[in-house]
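Q:
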């Protein structure tokens, strides 16, 4: 079984994640002497008005939830709660794509999923399994992470700017590493209302959403536009990805280790599944050797944490202990939720959390870009999400500067962004309006960044070069 094609290029590893869920569901069906035709028969019986079907899709999902609770993982343990819930979500999406009229009860599906999750938590509690979650990344933590990466990690060259921008984007988008970090340059644009607009394909929930991003009010470390500006200036070669180092850090199980289309990836995984091991030997425990995007981000945070712990000893470090890639998502959501003017529905929509697990009322209330703009303003440091916010752009200087100086500024823009613009292949280019906003943010925060660099140079014994500001 496989899900319908969604017309999206999917990140490495995602095809395997979906294929694993479909394989698990096929095992469940085989255990009950069922197959795809059996599911079609259930749908047909439900379509007959006078019939009294003995089974429906909700009872099928209930049985599947019990199967997931008892199924062993590749390591020999039971499936983790997050894995089981993920498999359930993929199967629900599959069945909804094929039989939408028979799975309209979001509340019933949420009840099945929540009951399964509670059962797994209770099982882990009785077995003494520790499932501690990473703490949320506060705004203070984000500022420390970006400073340590962009300023103190300058020895690593472009990677330091790249990683700082990754951390900032994860904060602003409530991002999952598996989809957020694979954004393409043509996904960035300036909305008609003036803010930076990013389209993200949320693989887990099959949603393509637009996210509004604003310039930060005060802190350059919190400013996504500034992070993108540094990223684009430091780019050493053209790429269609916003974050070109991420695909190289996440090796694929597919031939060539590159991003494949949905259809190609699924076909490849299905071919692998057909190659059954006939040796009769018990399967060995899987060794997780394949790098992933989450590990890429975790390695960044771990390196910073270890460096800060060594520098601050015996005092505790300024960074919250135990942070991970999920901390950025969890911490920024908590930061936004602290403002009473924001509805939980708006936050959930921006983060692509499944509304089935909240309340049925939320499932009937949609959000528009206006609500997402409110969340974006709060994440950028604005206190009132209802006040207008203007995105800076260097085009406003056209009326303020002499013609020659403005022409020199445009020439500087072309030189700074030469590896992200001007190509005949438009997939390698960032829209000019986005570059104008990024350059304006770089100029606005230039004084703060120069001061931070000078402070670091003094602290490390380097001779600071004089910085002249206009």
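Numbering (the working numbering), first residue to last: 12 to 481.
Note that the Cβ used here is the ideal one computed from N, Cα and C, for glycine as well.
Since this is a predicted model, take the numbers as computed values, not measurements.
Which ranges would you report for the beta strand (DSSP E) in the segment 151-218 if only whole runs of at least 3 residues count?
A: Runs found: 199-201 and 207-213.
Q: Going by beta carbon distance, what residues of the same chain come within less than 6 Å of residue 36, once the five residues before and after it are set aside?
A: Here residue 36 corresponds to residue number 25 of the chain shown, with the count starting at 1. Taken in chain order, the residues that qualify are 102.
Q: Identify the continuous alpha helix (DSSP H) that holds residue 235 and give its terminal residues.
A: Position 224 of the chain shown holds residue 235. Run containing residue 235: 235-245, per the alpha helix (DSSP H) assignment.
Q: For residue 221, which residues does DSSP report across the bridge?
A: As a first step, residue 221 is located in the chain shown; it is residue number 210 there, counting from the start. DSSP, once it has assigned bridges, lists 210 as partnering residue 221.
Q: What would DSSP say about residue 89, mapped onto helix, strand or coil?
A: Within the chain shown, numbered from 1, the residue matching residue 89 stands at position 78. DSSP places residue 89 in strand when its eight states are reduced to three.
Q: Can you tell which of 82, 350 and 149 has its C-alpha closest to the C-alpha of residue 395?
A: Numbered from 1 along the chain shown, position 384 holds the residue referred to as residue 395. Closest by alpha carbon: 350.
Q: Rounded to the nearest angstrom, what separates residue 73 and residue 358 at their Cα positions?
A: In the chain shown, residue 73 corresponds to position 62, counting from 1. In the chain shown, residue 358 corresponds to position 347, counting from 1. Going by the C-alpha atoms only, they are around 29 Å apart.
Q: How big is the Cα-Cα spacing for residue 89 and residue 81?
A: Working through the chain shown from its first residue, we reach residue 89 at position 78. Working through the chain shown from its first residue, we reach residue 81 at position 70. Looking at the two C-alpha atoms, the distance is approximately 7 Å.
Q: Starting from residue 110, follow its DSSP beta bridges and name the residues at the other end.
A: Here residue 110 refers to the residue found at position 99 of the chain shown. The partner list for residue 110 (beta bridge, DSSP) is empty, contrary to what the question assumes.
Q: Between which two residues does the alpha helix (DSSP H) containing residue 426 stretch?
A: For the purposes of this step, residue 426 is taken as the residue at position 415 of the chain shown. Per DSSP, residue 426 belongs to the alpha helix (DSSP H) from 414-427.
Q: I want to know whether the segment 314-325 touches the segment 117-134 - three or more CB-CB distances under 8 Å.
A: With a cut-off of 8 Å, the segment 117-134 and the segment 314-325 do not count as touching, because too few Cβ pairs lie within range.
Q: With distances taken between CB atoms, is the gap from residue 319 to residue 330 smaller than 8 Å?
A: Mapped onto the chain shown, residue 319 falls at position 308. Mapped onto the chain shown, residue 330 falls at position 319. For residue 319 and residue 330, yes; Cβs fall inside 8 Å.
Q: Smallest Cα separation from residue 334: which of 420, 353, 314 and 348?
A: For the purposes of this step, residue 334 is taken as the residue at position 323 of the chain shown. The residue with the shortest Cα to Cα distance from residue 334 is 314.
Q: Considering only their Cβ atoms, is the gap separating residue 449 from residue 243 smaller than 8 Å?
A: Position 232 of the chain shown, counting from 1, holds the residue named residue 243. Position 438 of the chain shown, counting from 1, holds the residue named residue 449. Contact: yes.
Q: How is the alpha helix (DSSP H) around residue 57 delimited, first residue to last?
A: By one-based count along the chain shown, residue 57 stands at place 46. Note, residue 57: alpha helix (DSSP H), 47-58.
Q: Could you give the first and the last residue of the continuous alpha helix (DSSP H) run that contains residue 44?
A: By one-based count along the chain shown, residue 44 stands at place 33. That residue, residue 44, is in no alpha helix (DSSP H); it is neither H nor E in DSSP.
Q: Just how far apart, CA to CA, sit residue 251 and residue 224?
A: By 1-based counting over the chain shown, the position of residue 251 is 240. By 1-based counting over the chain shown, the position of residue 224 is 213. Distance between the alpha carbons of residue 251 and residue 224 is about 20 Å.
Q: Note down, in chain order, each residue of its chain lying with its Cβ closer than 7 Å to the Cβ of residue 150, except the 5 sequence neighbours on either side.
A: One-based indexing of the chain shown puts residue 150 at position 139. Cβ neighbours of residue 150 beyond the five flanking positions: 233 and 346.
Q: Since residue 309 is in the alpha helix (DSSP H), which residue starts that stretch and which ends it?
A: One-based indexing of the chain shown puts residue 309 at position 298. That run of the alpha helix (DSSP H) goes 304-323.
Q: Residue 83 bridges to which residues according to DSSP?
A: Your numbering for residue 83 matches position 72 in the chain shown. Residue 83 is bridged to 89.
Q: What separation, rounded to the nearest whole angstrom, lies between the Cα atoms of residue 237 and residue 99?
A: Your numbering for residue 237 matches position 226 in the chain shown. Your numbering for residue 99 matches position 88 in the chain shown. Taking the straight line from one Cα to the other gives about 39 Å.
Q: Give me the residue from 212, 309, 381 and 153 with the minimum Cα distance to residue 235.
A: Looking up residue 235 in the chain shown gives position 224. For the residues 212, 309, 381 and 153, the minimum Cα distance to residue 235 belongs to 153.
Q: Relative to the alpha-carbon of residue 360, which residue among 120, 184 and 308 has its alpha-carbon at the smallest distance?
A: If you number the chain shown from 1, residue 360 lands on position 349. Residue 184 is the option with its Cα nearest to residue 360.
Q: Exposed or buried, which one is residue 43 when buried takes at least 16 other CB atoms within 10 Å?
A: Within the chain shown, numbered from 1, the residue matching residue 43 stands at position 32. Under this definition residue 43 is an exposed residue.
Q: With DSSP as the reference, please indicate the residues paired to residue 346 in a beta bridge.
A: Along the chain shown, one-based indexing puts residue 346 at 335. For residue 346, which the question treats as bridged, DSSP gives no partner whatsoever.
Q: Helix, strand or coil, according to DSSP, for residue 252 in the structure here?
A: Counted from its first residue, the chain shown places residue 252 at position 241. Correct three-state label for residue 252: strand.
Q: Buried or exposed: which applies to residue 118, given that a residue is buried once 16 or more other Cβ atoms fall within 10 Å of its Cβ?
A: Translated into positions along the chain shown, residue 118 becomes position 107. Residue 118 should be labelled exposed.
Q: Where does residue 441 land, buried or exposed, given buried means 16+ other C-beta within 10 angstroms?
A: Your numbering for residue 441 matches position 430 in the chain shown. Buried, by the Cβ-count rule.
Q: Just to confirm my understanding: we take residue 445, look at its own chain, exclude 5 residues before and 5 after, and list those with CB closer than 8 Å. What are they?
A: Position 434 of the chain shown, counting from 1, holds the residue named residue 445. Excluding residues within five positions, the ones whose Cβ falls inside 8 Å are 199, 200, 201, 207 and 239.
Q: Give me, in chain order, the residues of the same chain whose beta-carbon lies closer than 8 Å to that of residue 229; leave out the 5 immediate sequence neighbours on both sides.
A: Within the chain shown, numbered from 1, the residue matching residue 229 stands at position 218. Only 392 meet the Cβ criterion.
Q: Assuming residue 460 is part of the alpha helix (DSSP H), what are its boundary residues?
A: One-based indexing of the chain shown puts residue 460 at position 449. From DSSP, the alpha helix (DSSP H) with residue 460 extends over 457-471.
Q: Roughly how many angstroms separate the alpha carbons of residue 356 and residue 399, rounded to a whole number?
A: Stepping through the chain shown from its first residue, residue 356 is reached at position 345. Stepping through the chain shown from its first residue, residue 399 is reached at position 388. Whole-angstrom Cα-Cα distance: 21 Å.
Q: Quick check on DSSP: helix, strand or coil for residue 404?
A: Position 393 of the chain shown, counting from 1, holds the residue named residue 404. If DSSP states are grouped into helix, strand and coil, residue 404 belongs with coil.
Q: Would DSSP call residue 440 helix, strand or coil?
A: Here residue 440 is taken as the residue at index 429 of the chain shown, counted from 1. In the structure shown, residue 440 sits in coil (DSSP, three-state: anything other than H, G, I, E or B).
Q: Measuring only the C-alpha atoms, how far is residue 403 from residue 67?
A: For this step, residue 403 is matched to residue 392 along the chain shown. For this step, residue 67 is matched to residue 56 along the chain shown. Whole-angstrom Cα-Cα distance: 55 Å.
Q: Quick one: what's got a C-beta closer than 6 Å to residue 246's C-beta in the same chain, skipping five residues either side?
A: By 1-based counting over the chain shown, the position of residue 246 is 235. Cβ within range, chain order: 430 and 431.
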